[in-house]
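Chains as they are written, first to last, in my numbering: chain V, 272 to 628; chain Y, 272 to 628. Built from N, CA and C at the ideal position, the CB exists for glycine as well.
Number of protein chains: 2
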Amino acid sequence: MSSTLADGVTIGDLGEIALIDRIRHRVPPAPGWVTTGIGDDAAVIEPARGTLDVVTTDTLVEGIHFERSFVSAADLGHKTLAVNLSDLAAMGATPRCVVLSLVLPATMAAADLDMLVDGMLTLAGRHQVALVGGNITRSSGPLVLGMTAIGALRRRHVLTRTGGRPGDELWVTGTLGGAAAGLACLLRDPAGPAEGDGDLAGCVEHYRRPEPRVRIGTLLGRNRAAHAAIDLSDGLADGLRHLTQACGVGAVIDGAAVPIDEGARRWFETQGLAPLDAAVAGGDDYELLVAVSRAHRRRFAAVTRLARGVPITHIGELTKDRALVLRTREGDRALPAGYEHFKTQEAGGRRQETGEA
Amino acid sequence: MSSTLADGVTIGDLGEIALIDRIRHRVPPAPGWVTTGIGDDAAVIEPARGTLDVVTTDTLVEGIHFERSFVSAADLGHKTLAVNLSDLAAMGATPRCVVLSLVLPATMAAADLDMLVDGMLTLAGRHQVALVGGNITRSSGPLVLGMTAIGALRRRHVLTRTGGRPGDELWVTGTLGGAAAGLACLLRDPAGPAEGDGDLAGCVEHYRRPEPRVRIGTLLGRNRAAHAAIDLSDGLADGLRHLTQACGVGAVIDGAAVPIDEGARRWFETQGLAPLDAAVAGGDDYELLVAVSRAHRRRFAAVTRLARGVPITHIGELTKDRALVLRTREGDRALPAGYEHFKTQEAGGRRQETGEA
């Protein structure tokens, strides 16, 4: 059906059935454990034997979490799935399926819907995630992308936020600050960085297409290598605050150890910003912060060896004292605040993550 | 925390943690099968033994599915859950838990959030549904309420849309047209019907607080009493069209048998509308349409006896001929079209239901 449509057709031009068909024709055949997929009142799924269900939901709102002027529809499809997979990874769960809720402005090009779905399905294919249902609503307001993801894990492999203990080492995957630099760059110039600016191009890509740490999260769960984990959707400062509150502990972060994205570091410096503070406060990196017992160091080392090139860096410790301390060469100071972005309207907006499922 | 807040506090005045606390303090303790509930990256749930997972998602958008001028926050909380439970019921599933995605205008009163959650939890309590997670986003656009519901059923109890065969009897629960009359009344006068107008008051209540047919749906599944089922979120005409398309059949509906809400019938007549056509086309009733094999009449009769006063009415048959025929005293004619509301902007808006999970 989609192939016969002229360019420039909008969501408002198409009826419900045509829109669903457009999506359905792009979705690969469902795996055998999907008993009833797209097209009924609900999807029916066979749980994986011996596992628990892990459920998370996340919503991206135009004007708050993104601007259509500087992210493509394909980026949005990718990101909607990525933020949900990141939450599953932080629980140690293997993702299985998603349902998608689209609230679409009637003026949106139908071709953008195709690209959005394709962007999502490309990432879904890499992680063997099935799109099993959803709903579509027309709106006169902003584009709203809602998704619920369901994963599976064995009972003893659950990675909660609450298990961290004083003395546990804090480790973080990947690098920090790249997405924040990319977003700051796009807010200044929606066209993106100048040609040849590899530093910023990498940061912008990091912001547009975050890579959820699915493999590391499931490895951490399966190997029971961590006491606690959280994903850094809203940055290290915010994530550490949530994790330490949930555990009833404090933390000391070694500023020199924080793995700042190199391109972001150079860019922050040219802007007169302190790279460490910017990287600690900045969001959208979707890395994992993990609390590891010293007794589990060997298990954890085994996981890091299987991480396929993703760096995992020791950045600090959980402490009995409930303060959050940033240790630098100039001395100890309080960890910079993360975003409390619900209260403060900011240019370009920020994602609001409740920390709930 | 909520008790210390002054009247008139808005969503924009509160930070993320305060908003989550407001919700969390209203939610009753989770059942034992919820291993990790509100407050982590995702919820963890133990599947019911021997069952499949049933997953559905639905989103209500201000200006499309409702106007805040004529439904209360508590109504919205009720309705967001009801539309999802209705989808589960149409699959024969027993609801278990939900995750809630709130996109809230910063100007919304915090007290309205409380009422919204309470309206939802009241209905949830009646059906033993646990709220296990969600997320909150601030928005400068319309209020958007997204929910994903998860239910359980045994493999052989799944009630799909696709199992109907020519010769199957068509039955419908409850009465039709009440919600459409209620909505039409509210669109004219958001204050609702005049005092003492019991007919319209019932219709408005029907629109504001639809009752999902959870018990009948699960009874139909457990007793394997139906070939196919669908919920009538968008009305009989729309639902019958979806069901017959999925089954590859047609249908004849006996106009005289269609159970029109009595208050709605009288109101439609005063408006110069044909009650039958209005009731067949009108949406928002959330009744179930069921195709029953003549061979299963006894099983089906047993279910109707257990339906606790909810009428279930025989309104027609599935046919080999793929036409959809409305049989009246004046002769046969084509079934009125349901809403194709995605393409046509209407006053007050209409819900857009994809028919996917």
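7 Å CB neighbourhood of residue i in its chain, flanking five on each side removed
| i | result |
| --- | --- |
| V/D346 | G390, R479, R480 |
| Y/G232 | Only positions 272 to 628 of chain Y appear in the structure, and residue 232 of chain Y is not among them; the question remains open. |
| Y/L394 | H349, L352, A353 |
| Y/P464 | C456, L471, A472, V475 |
| Y/L285 | A381 |
| V/T625 | Caution applies to V/T625, whose pLDDT of 37 falls short of 50 and renders its modelled position unreliable; the model cannot decide the point. |
Min CB distance residue i to chain Y below 8 Å
| i | result |
| --- | --- |
| V/A344 | no |
| V/S340 | no |
| V/V415 | yes |
| V/S564 | no |
| V/R484 | no |
| V/E267 | Outside the shown range of chain V (272 to 628) lies residue 267 of chain V, about which nothing can therefore be said. |
| V/G450 | Just to set this straight, residue 450 of chain V is Ala in the shown sequence, not Gly. Cβ-Cβ to chain Y under 8 Å: no for V/A450. |
| V/T489 | no |
| V/R432 | yes |
| V/G554 | no |
| V/G609 | no |
| V/D311 | yes |
| V/T632 | The requested residue 632 of chain V does not occur in the structure, where chain V is confined to residues 272 to 628. |
As assigned by DSSP and simplified to three states, the class of residue i
| i | result |
| --- | --- |
| Y/N406 | strand |
| V/M379 | coil |
| V/L441 | strand |
| Y/L414 | coil |
| V/D470 | helix |
| Y/T599 | strand |
| Y/R604 | strand |
| V/A364 | coil |
| Y/V429 | coil |
| V/V400 | coil |
| Y/T446 | coil |
| V/A451 | helix |
| Y/G422 | strand |
| V/D385 | helix |
| V/D502 | strand |
Candidates the options, of which the one nearest residue i by Cα
| i | options | result |
| --- | --- | --- |
| Y/R295 | Y/A535, Y/R568, Y/L384 | Y/L384 |
| Y/L402 | Y/R426, Y/L356, Y/T489, Y/R495 | Y/L356 |
| Y/I586 | Y/R570, Y/P461, Y/L547, Y/R576 | Y/L547 |
| V/A496 | V/V574, V/E466, V/D468 | V/V574 |
| Y/H336 | V/T330, V/V374, V/F341, V/T378 | V/V374 |
| V/R426 | V/E482, V/V369, V/A364 | V/A364 |
| Y/L597 | Y/P607, Y/T330, Y/D502 | Y/P607 |
| V/H428 | V/L490, V/G412, V/S411 | V/L490 |
| V/T328 | V/L371, V/G321, V/A314 | V/L371 |
| Y/G467 | Y/P413, Y/R436, Y/G534, Y/G405 | Y/G534 |
| V/E588 | V/G554, V/G526, V/G453, V/R579 | V/G526 |
| Y/R409 | V/T307, V/E333, V/F341 | V/E333 |
| V/L595 | V/L441, V/V298, V/V523, V/A528 | V/V523 |
| V/P413 | V/P437, V/M379, V/L392 | V/M379 |
| V/R568 | V/E482, V/R593, V/G543, V/W442 | V/W442 |
Closer than 8 Å to chain V by CB, residue i
| i | result |
| --- | --- |
| Y/G492 | no |
| Y/D383 | no |
| Y/L359 | yes |
| Y/R436 | no |
| Y/P530 | no |
| Y/A550 | no |
| Y/F613 | Note that Y/F613 scores a pLDDT of 39, beneath 50, so its modelled location is shaky and nothing firm can be said. |
| Y/D603 | no |
| Y/I335 | yes |
| Y/A364 | yes |
| Y/T378 | no |
Cut-off 8 Å between Cβ atoms - residues of its own chain near residue i, not counting five sequence neighbours on either side
| i | result |
| --- | --- |
| V/I291 | I309, G310, I407 |
| V/T433 | A499, A517, C518 |
| V/L323 | A423, L424, R425, R426, V429 |
| V/E540 | P546 |
| Y/R537 | D470 |
Same chain, Cβ closer than 6 Å to residue i, five either side skipped, listed in chain order
| i | result |
| --- | --- |
| Y/A344 | D383, M386, L387 |
| Y/D532 | T446, G448, G449 |
| V/T444 | R484, I487, E558, L559, V581, I583 |
| V/A319 | A423 |
| Y/G492 | G363, L424, H428, L430 |
| V/A578 | I487 |
Enumerated in chain order, which unbroken segments of the alpha helix (DSSP H) with a length of 4 residues or greater are wholly contained in the stretch 512-589 of chain V?
The stretch 512-589 of chain V contains these whole alpha helix (DSSP H) runs: 533-541, 546-552, 568-576.
Contained alpha helix (DSSP H) runs [length at least 4] in the stretch 279-351 of chain V, N- to C-terminal order
Listed in chain order, the complete alpha helix (DSSP H) runs (minimum 4 residues) inside the stretch 279-351 of chain V are 287-295.
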